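Here the structure is laid out as structure tokens; the discussion comes afterwards.
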Amino acid sequence: MIHSLGDYLRILQEQGLAADAETVDADTPVTGLTYESKKAEKGTLFVCKGAAFKKEYLEEAVSRGAAAYVSEKDYGLAVPAIIVSDVRAAMPHLARLFYRTWEDDRMNILGITGTKGKTTVCYYTRRIFDEAAKRAGSSPAAFLTSVETFDGVENINSGITTPEAFELYRHFANAHRSGISNIVCEVSSQALKYGRVSGIPFAAAVVMNISEDHISDIEHPDFEDYLASKLKIYSMCRTALVNMDSDYAKDCLQAASRAERILTFGTEEGVDFRAEDIRTEDGRTAFTLVHQGMRVPFTLKMSGVFNVENALAAIALASLSGIDYDTMKTALAEATVPGRVEEYSTEDGRIKAVVDYAHNGYSFAKMFEMARTLWPKHRLVTVFGCPGSKAVNRRKDLGETAGKYCDFIYLTADDPAKEELADICAEVGGHIEKENCPYTVVEDRTEAIRRAVLEAEVPTAVLILGKGCETTQIEKNGKVPYASDASVLRDCISAYNKINGRKEDGNEKNTVGSF
6 MIHSLGDYLR ILQEQGLAAD AETVDADTPV TGLTYESKKA EKGTLFVCKG
56 AAFKKEYLEE AVSRGAAAYV SEKDYGLAVP AIIVSDVRAA MPHLARLFYR
106 TWEDDRMNIL GITGTKGKTT VCYYTRRIFD EAAKRAGSSP AAFLTSVETF
156 DGVENINSGI TTPEAFELYR HFANAHRSGI SNIVCEVSSQ ALKYGRVSGI
206 PFAAAVVMNI SEDHISDIEH PDFEDYLASK LKIYSMCRTA LVNMDSDYAK
256 DCLQAASRAE RILTFGTEEG VDFRAEDIRT EDGRTAFTLV HQGMRVPFTL
306 KMSGVFNVEN ALAAIALASL SGIDYDTMKT ALAEATVPGR VEEYSTEDGR
356 IKAVVDYAHN GYSFAKMFEM ARTLWPKHRL VTVFGCPGSK AVNRRKDLGE
406 TAGKYCDFIY LTADDPAKEE LADICAEVGG HIEKENCPYT VVEDRTEAIR
456 RAVLEAEVPT AVLILGKGCE TTQIEKNGKV PYASDASVLR DCISAYNKIN
506 GRKEDGNEKN TVGSF
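Residue numbers are given in the working numbering: position 484 of the sequence shown equals residue 489, and the series is strictly consecutive.
What follows is the structure in structure tokens.
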């Protein structure tokens, strides 16, 4: 259904965001909606958003055929303008009207947020829903994460954790047209703070764990703002899932009281979904789920006892849709996440390696604890860096945490952006030195990984942290291609095997073990 410009004006007026617009022809049909000038065409309603917005962007949109624009400022162009008090607050309302076909009681939208674990919970939950769909012969789940997006029409790599409202509602509409009812969404603190997800009727939402992160001039000014942004999701859902093992469980419970229903999970007595007998078996994490008098054994393909709380969240979310435990067990026994706890080994087992997206003090500690448990006799080495121009608090947290756990550290590039990489490494290195851990700076990330693997003289566990499956580096002039940590690591292990491998039947043994 095509709505008129008057419809958009009216919905913004109803929300108290716009006043009368005398220049608006209420009958003008709106056939497009965008904030990107190069995507504007005839009939488009163009939205002027962002602190860096320039009048030139609007002029380009108009030259391409934009029928009207929404802005906090009247630019005096010869096209209708809807002036609003808050463009960001207006965007979800515009998107919901433009993509109204997605609104349906059948849509089961699940929101996952937190400092650590949200991507893994999304993958676990999606894998469970997809296993259930396979058994029932129905449609798989839609999936919106920082790694990839699938909505039944589009299947793309993601460039952002949670896109703007226009993209979100487009994905919902695509899913609806594709007959998909289950949508799993990773929700960032920025999306919650700036209202990208406002108005989305989450059937259920979960806040995994909260620790200090994303504190900077361009993100959150302090931890209080970060925490408050995360907890907003509980005011937008029918069922709130609370991780009682979180350091901020009390804050979560208080915020969750705004939901119709609260379910809890964790390892302590009294929660609705409890994990006990957590252990490692043959490199895999196993535990027993206790729920409503039932005891169900689960095994996870991914290592790390910290993944148990991720599995509990996925189990709780799936249970709300009536999925049985056998389906959940099958799914979680095979579920993996690109760039999360990807494990590799050399032929001789002297080098164990992990690629993970861990990028804050909490997740670093969990990864180092996992490595010490899995490979207690191996020297622990890590390769990591810190981003430029954002999350500056990480430099102290990562330097101190890595310095406490590691035997040696390679500091390298991780999206230095406009800052000098040498300055970032010097700052991080100062915190490492306080822990008396030796380190070196190798600015080229590929070379740092190569040295960590090929220069290891004793059995070594190499943790390559921070970028996960990312395939770009953000430098002074923008994004540049990067092979990915896993790709570089595989090449290094292959080289190691060629140097150190045995010849059998005239053929050199050369394999990379992933377990």
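Backbone N, C-alpha and C define an ideal beta-carbon position, used for all residues, glycine too. Keep in mind that this is a model prediction, so the values were computed, not measured.
Taking its Cβ as the centre, do 16 or more other Cβ atoms sit within 10 Å of residue i, making it buried, or is it exposed?
{"i": "methionine 3", "result": "Coverage of the chain is limited to positions 6 through 520, which leaves residue 3 absent and any answer about it impossible."}
{"i": "methionine 372", "result": "buried"}
{"i": "valine 202", "result": "buried"}
{"i": "proline 302", "result": "exposed"}
{"i": "aspartate 250", "result": "buried"}
{"i": "aspartate 282", "result": "exposed"}
{"i": "threonine 118", "result": "buried"}
{"i": "proline 206", "result": "exposed"}
{"i": "alanine 175", "result": "Looking at the sequence itself, residue 175 is arginine, so the reference to alanine does not match. With 16 or more other Cβ atoms within 10 Å, it is buried."}
{"i": "lysine 59", "result": "exposed"}
{"i": "valine 485", "result": "exposed"}
{"i": "threonine 378", "result": "exposed"}
{"i": "proline 34", "result": "exposed"}
{"i": "isoleucine 328", "result": "buried"}
{"i": "valine 212", "result": "buried"}
Whole angstroms are fine: how far does the CA of residue j sit from the CA of residue i?
{"i": "glycine 157", "j": "serine 143", "result": "12 Å"}
{"i": "lysine 472", "j": "alanine 491", "result": "10 Å"}
{"i": "threonine 120", "j": "proline 392", "result": "17 Å"}
{"i": "histidine 436", "j": "tyrosine 128", "result": "34 Å"}
{"i": "serine 186", "j": "alanine 180", "result": "7 Å"}
{"i": "glycine 309", "j": "arginine 345", "result": "11 Å"}
{"i": "leucine 494", "j": "tryptophan 380", "result": "18 Å"}
{"i": "isoleucine 16", "j": "arginine 399", "result": "42 Å"}
{"i": "threonine 154", "j": "asparagine 160", "result": "6 Å"}
{"i": "alanine 363", "j": "alanine 57", "result": "31 Å"}
{"i": "threonine 285", "j": "asparagine 312", "result": "12 Å"}
{"i": "alanine 72", "j": "proline 168", "result": "24 Å"}
{"i": "leucine 470", "j": "tyrosine 415", "result": "11 Å"}
{"i": "methionine 96", "j": "glycine 37", "result": "14 Å"}
{"i": "tyrosine 74", "j": "tyrosine 80", "result": "10 Å"}
{"i": "alanine 422", "j": "glycine 483", "result": "7 Å"}
{"i": "glutamine 478", "j": "lysine 235", "result": "27 Å"}
{"i": "glycine 503", "j": "asparagine 248", "result": "A quick correction: the sequence has lysine, not glycine, at residue 503. Roughly 46 Å separates the two Cα atoms."}
{"i": "alanine 31", "j": "proline 85", "result": "10 Å"}
{"i": "aspartate 277", "j": "methionine 333", "result": "17 Å"}
{"i": "glycine 271", "j": "alanine 66", "result": "51 Å"}
{"i": "aspartate 402", "j": "asparagine 162", "result": "29 Å"}
{"i": "arginine 384", "j": "isoleucine 454", "result": "15 Å"}
Quick one: what does DSSP say residue i is sitting in, helix, strand or coil?
{"i": "glutamine 20", "result": "coil"}
{"i": "aspartate 287", "result": "coil"}
{"i": "arginine 140", "result": "helix"}
{"i": "phenylalanine 520", "result": "Low per-residue confidence applies at phenylalanine 520: pLDDT is 28, beneath 50, and the placement is therefore not dependable, though the value from the model is reported in the following sentence. Looking at phenylalanine 520 - three-state DSSP - the assignment turns out to be coil, as it is neither helix nor strand."}
{"i": "glutamine 478", "result": "strand"}
{"i": "glutamate 509", "result": "Note that glutamate 509 scores a pLDDT of 37, beneath 50, so its modelled location is shaky and nothing firm can be said."}
{"i": "serine 368", "result": "helix"}
{"i": "lysine 121", "result": "strand"}
{"i": "tyrosine 415", "result": "strand"}
{"i": "glycine 116", "result": "strand"}
{"i": "asparagine 162", "result": "strand"}
{"i": "methionine 375", "result": "helix"}
{"i": "tyrosine 349", "result": "strand"}
{"i": "aspartate 331", "result": "helix"}
{"i": "cysteine 190", "result": "strand"}
{"i": "lysine 514", "result": "For lysine 514, the predicted structure reports a pLDDT of 33, less than 50, and the residue's modelled location is therefore unreliable. The matter cannot be settled from this model."}
{"i": "phenylalanine 58", "result": "coil"}
{"i": "leucine 325", "result": "coil"}
{"i": "serine 492", "result": "helix"}
{"i": "glycine 344", "result": "coil"}
{"i": "asparagine 398", "result": "coil"}
{"i": "asparagine 441", "result": "coil"}
{"i": "alanine 316", "result": "helix"}
Does the beta-carbon distance from residue i to residue j come in below 9 Å?
{"i": "cysteine 442", "j": "alanine 407", "result": "yes"}
{"i": "aspartate 361", "j": "leucine 468", "result": "yes"}
{"i": "isoleucine 114", "j": "isoleucine 320", "result": "no"}
{"i": "arginine 279", "j": "leucine 317", "result": "yes"}
{"i": "alanine 461", "j": "arginine 355", "result": "yes"}
{"i": "leucine 82", "j": "leucine 50", "result": "no"}
{"i": "leucine 597", "j": "isoleucine 87", "result": "Any question about residue 597 goes unanswered here, given that the chain covers just 6 to 520."}
{"i": "glutamate 452", "j": "cysteine 430", "result": "no"}
{"i": "valine 388", "j": "aspartate 412", "result": "no"}
{"i": "valine 52", "j": "valine 92", "result": "yes"}
{"i": "lysine 409", "j": "glutamate 440", "result": "yes"}
{"i": "serine 216", "j": "asparagine 315", "result": "no"}
{"i": "glutamate 348", "j": "glycine 506", "result": "no"}
Is any beta-carbon of chain E found at less than 9 Å from that of residue i?
{"i": "glutamate 425", "result": "Absent from the structure: chain E. Only one protein chain is present."}
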